[in-house]
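Trainee: My structure is below; once you've seen it, I'll send some questions.
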Amino acid sequence: MDASDHSSADGGEAAVNAGDDTDYDHMIYGEDFFETLVENGSDAIITIDESSTILYTNQSVERVFGYEPGELIGSDLTKVMPDRLQQAHYNALGEYVESGDRTMNWNDIEIPGQHKDGHEVHLSVTFEEHPYEDRRVFSGIIRDISERIERERRLERKNEQLEKFASIVSHDLRDPLNAAQARLSLAKAHGEGDAEYLEEVEEVHERMGALIDDVLTLTKEGRSIGATEHLALEPVARDAWRTAGTDAATLEVDDPNHVDADPERMRTVFENLFGNAVRHAGEDVYVRVGELPDGNGFFVADDGPGIPAEKREDVFEYGYTDSEDGTGFGLNIVKSIADAHGWTVEITDSEEGGARFEFRAPALE
Numbered sequence: 001m002d003a004s005d006h007s008s009a010d011g012g013e014a015a016v017n018a019g020d021d022t023d024y025d026h027m028i029y030g031e032d033f034f035e036t037l038v039e040n041g042s043d044a045i046i047t048i049d050e051s052s053t054i055l056y057t058n059q060s061v062e063r064v065f066g067y068e069p070g071e072l073i074g075s076d077l078t079k080v081m082p083d084r085l086q087q088a089h090y091n092a093l094g095e096y097v098e099s100g101d102r103t104m105n106w107n108d109i110e111i112p113g114q115h116k117d118g119h120e121v122h123l124s125v126t127f128e129e130h131p132y133e134d135r136r137v138f139s140g141i142i143r144d145i146s147e148r149i150e151r152e153r154r155l156e157r158k159n160e161q162l163e164k165f166a167s168i169v170s171h172d173l174r175d176p177l178n179a180a181q182a183r184l185s186l187a188k189a190h191g192e193g194d195a196e197y198l199e200e201v202e203e204v205h206e207r208m209g210a211l212i213d214d215v216l217t218l219t220k221e222g223r224s225i226g227a228t229e230h231l232a233l234e235p236v237a238r239d240a241w242r243t244a245g246t247d248a249a250t251l252e253v254d255d256p257n258h259v260d261a262d263p264e265r266m267r268t269v270f271e272n273l274f275g276n277a278v279r280h281a282g283e284d285v286y287v288r289v290g291e292l293p294d295g296n297g298f299f300v301a302d303d304g305p306g307i308p309a310e311k312r313e314d315v316f317e318y319g320y321t322d323s324e325d326g327t328g329f330g331l332n333i334v335k336s337i338a339d340a341h342g343w344t345v346e347i348t349d350s351e352e353g354g355a356r357f358e359f360r361a362p363a364l365e
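Numbering (my numbering), first residue to last: 1 to 365.
Here you go:
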């Protein structure tokens with residue numbers, strides 16, 4: 001059917017337009033448009049007959065396989081297949097032609113293909129059967145997914161390295177931690193040292209042990225956060241301050257402030273931000289935790305030197321640090337925890353000229 005079929009009678013066209021709101025004057029009917037779309041689409045298309053002979057390809061086969069269409073037409077489809085898959089292809093095609101029974105799903109099958117230069121490409125293929133001039137022909141719509149597969153492999157390697165790193169860290173930290181805890185128990189048993197300080201040391205040891213366990217859990221189970229609760233920020237912040245703050249520093253927490261978060265991860269956020277403030281602003285730093293003006297998040301601000309605008313994206317990168325005693329993990333951990341909660345985190349200037357980290361929850365629709 002062509003465009004003239006839709007406008008053969010004024011009355012008929014009027015009746016159609018009266019029945020719906022479609023603007024038929026602007027619809028595309030020309031076969032040239034659809035032929036161009038098929039020829040130049042991002043996916044390659046190859047059509048074969050019952051004997052596996054290639055009858056048609058579009059221009060995109062060159063991008064996927066390296067062959068120009070004329071180099072493939074008349075050839076066997078196995079020309080773009082690795083040797084190890086060719087016999088299986090013949091078997092499956094012959095069985096289907098004879099019985100009509102599909103032995104596999106025809107949609108989005110991931111298989112390797114053979115490029116003209118000899119390397120393999122990762123493909124996602126959807127097959128279709130359709131008649132053409134009294135013949136049964138089969139078309140494959142083929143997408144090159146090599147980049148996606150490579151990303152997945154890099155991620156898998158990264159996760160394996162992370163798990164190995166976590167195991168090493170666990171071993172290297174847990175042995176001295178166990179020794180320190182044993183000596184602490186002896187000191188308490190013999191009444192050596194100030195009881196209050198010994199209790200604080202014990203709390204730090206317990207905290208280190210918990211963090212080691214959490215690192216292992218995160219890397220092995222792939223989780224970034226656990227169950228969330230509606231938390232009051234002040235007790236979590238002050239608990240973190242006991243570990244990361246100093247006697248000379250000042251912490252102010254506006255009350256009330258609440259957030260839906262994993263309590264342990266929330267404490268980790270505060271500990272890293274407080275420790276960052278002490279390292280860059282000094283042991284007498286002033287830190288304030290408060291609610292954002294619109295009530296949709298919270299901030300952590302200090303009176304230190306601040307973070308230049310051109311470095312504000314870089315500081316969240318893994319391993320980035322400009323401090324001699326920094327590890328480069330702290331702010332990356334903060335950003336990762338924020339992402340896991342679905343928060344955005346942005347660095348601005350505090351009222352005192354220091355750094356201000358703003359955490360914002362997704363807006364409710």
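Glycine included, C-beta positions come from ideal geometry on N, C-alpha and C.
The structure displayed is predicted, hence computed values, not measured ones.
In terms of alpha-carbon separation, which member of Arg356, Glu313, Ser51 lies closest to Val97?
Mentor: Comparing Cα positions, the closest option is Ser51.
Trainee: Within the chosen definition, does the region 227 to 235 reach the region 256 to 271 through at least 3 CB pairs nearer than 8 Å?
Mentor: They touch, by the three-pair rule.
Trainee: Between Gly297 and the rest of its own chain, which residues show a CB-CB distance below 6 Å, the 5 nearest in sequence each way excluded?
Mentor: So the qualifying residues of the chain are Phe359, Arg360, Ala361.
Trainee: I want to know whether the region 100 to 107 touches the region 64 to 72 - three or more CB-CB distances under 8 Å.
Mentor: Output reads no: the region 64 to 72 does not touch the region 100 to 107.
Trainee: Beta carbon of Arg312, beta carbon of Val300: below 9 Å?
Mentor: Against a cut-off of 9 Å, the Cβ pair of Val300 and Arg312 comes out as no contact.
Trainee: In the DSSP assignment, find the unbroken alpha helix (DSSP H) run with Leu93 in it and report its ends.
Mentor: That run of the alpha helix (DSSP H) goes 83 to 99.
Trainee: So what does DSSP say about Val80, is it helix, strand or coil?
Mentor: If DSSP states are grouped into helix, strand and coil, Val80 belongs with the helices.
Trainee: With three or more C-beta pairs closer than 8 Å as the rule, is the region 237 to 248 touching the region 270 to 290?
Mentor: Output reads yes: the region 237 to 248 touches the region 270 to 290.
Trainee: Please state whether DSSP places Asp369 in a helix, a strand or coil.
Mentor: The structure shown does not extend to residue 369, since the chain is modelled only from 1 through 365, so no value can be given for it.
Trainee: In this structure, what does DSSP give as the bridge partners for Ile141?
Mentor: Paired residue(s): Ile45, Thr126.
Trainee: Leaving out five residues on either side along the sequence, give the residues of the same chain with a beta carbon under 6 Å from the beta carbon of Glu110.
Mentor: The residues are Ser124.
Trainee: When the Cα atoms are used, what is the spatial distance from Asp5 to His122?
Mentor: For Asp5, the predicted model reports a pLDDT of 42, less than 50, meaning its position is unreliable and no value from the coordinates is stated.
Trainee: Select from Arg279, Asp294, Ala281, Gly226 the residue whose C-alpha is nearest the C-alpha of Arg267.
Mentor: Answer by Cα proximity: Gly226.
Trainee: So the candidates are Asp49, Ser42, His205; which of them puts its Cα closest to the Cα of Val61?
Mentor: If we check each option's Cα against that of Val61, Ser42 comes out closest.
Trainee: Starting from Leu72, follow the alpha helix (DSSP H) in both directions and report where the run begins and ends.
Mentor: Taken as a continuous stretch (DSSP letters only), the alpha helix (DSSP H) holding Leu72 covers 69 to 72.
Trainee: Do Ser139 and Ile48 have their C-beta atoms within less than 9 Å of each other?
Mentor: Yes, they are a contact pair.
Trainee: Across which residues does DSSP place Phe359 in a beta bridge pair?
Mentor: Phe298, Val345.
Trainee: Between the C-alpha atoms of Pro308 and Ala179, what's the straight-line distance to the nearest angstrom?
Mentor: Roughly 42 Å between the two C-alpha positions.
Trainee: Alpha helix (DSSP H) containing Thr268: first to last residue?
Mentor: 263 to 281 is the extent of the alpha helix (DSSP H) around Thr268.
Trainee: Using only CA atoms, which one of Ala340, His205, Gly275, Glu202 lies nearest to Ala237?
Mentor: Checking every option, the nearest Cα to that of Ala237 belongs to Gly275.
Trainee: Where DSSP assigns a beta bridge to Arg288, which residues make up the other side?
Mentor: Answer is Glu252, Ala301, bridged to Arg288.
Trainee: Kindly list the residues whose CB is nearer than 6 Å to the CB of Ile149, restricted to its own chain and excluding five residues on each side of it in sequence; keep chain order.
Mentor: If we look at Ile149 and ignore the five residues flanking it on each side, its Cβ neighbours are His122.
Trainee: Would DSSP call Ile307 helix, strand or coil?
Mentor: Coil, per DSSP.
Trainee: Measuring CA to CA, which of Asn159, Val137, Glu163, Arg242 is closest to Glu199?
Mentor: The shortest C-alpha separation from Glu199 is found at Arg242.
Trainee: In whole angstroms, what is the alpha-carbon distance linking Glu133 and Gln114?
Mentor: Computed Cα separation, rounded: 30 Å.
Trainee: Pick out whichever of Gly354, Gly304, Ser185, Ile45 has its Cα sitting closest to the Cα of Glu129.
Mentor: Minimum Cα distance to Glu129 is reached at Ile45.
Trainee: What's the gap between the Cα of Asp303 and the Cα of His119?
Mentor: Rounded to whole angstroms, Asp303 to His119 spans 58 Å at the Cα level.
Trainee: Thinking C-alpha only, which one of Ala92, Glu95, Thr53 is nearest Lys79?
Mentor: It is Thr53.
Trainee: Apart from the five residues just before and just after Asp108, which ones in its own chain have a Cβ nearer than 7 Å to its Cβ?
Mentor: Excluding sequence neighbours, Asp108 sits near Ser124, Thr126.
Trainee: Would you say Val259 lies against chain C (beta-carbon separation less than 9 Å)?
Mentor: Of the chains in the structure shown, none is chain C; there is only one protein chain.
Trainee: Give every residue of the same chain whose Cβ lies closer than 8 Å to the Cβ of Gly306, excluding the five residues on either side of it in the sequence, and list them in chain order.
Mentor: Excluding residues within five positions, the ones whose Cβ falls inside 8 Å are Asp349, Ser350, Gly353, Gly354, Ala355.
Trainee: For the candidate residues Arg154, Leu162, Pro112, whose alpha-carbon lies nearest to that of Arg143?
Mentor: It is Pro112.
Trainee: Give the straight-line distance between the Cα atoms of Gly319 and His341, rounded to the nearest whole angstrom.
Mentor: Only weak support exists for where Gly319 lies, its pLDDT of 48 falling under 50; the value from the coordinates is given anyway. If you take the alpha carbons of Gly319 and His341, they lie about 22 Å apart.
Trainee: Under 8 Å Cβ to Cβ from Ala72, same chain only, skipping five residues before and after it: list those, please.
Mentor: Before going on, a small fix: residue 72 reads as Leu here, not Ala. Ile46, Ile54, Thr57, Val61, Phe65, Lys79, Val80, listed in sequence order.
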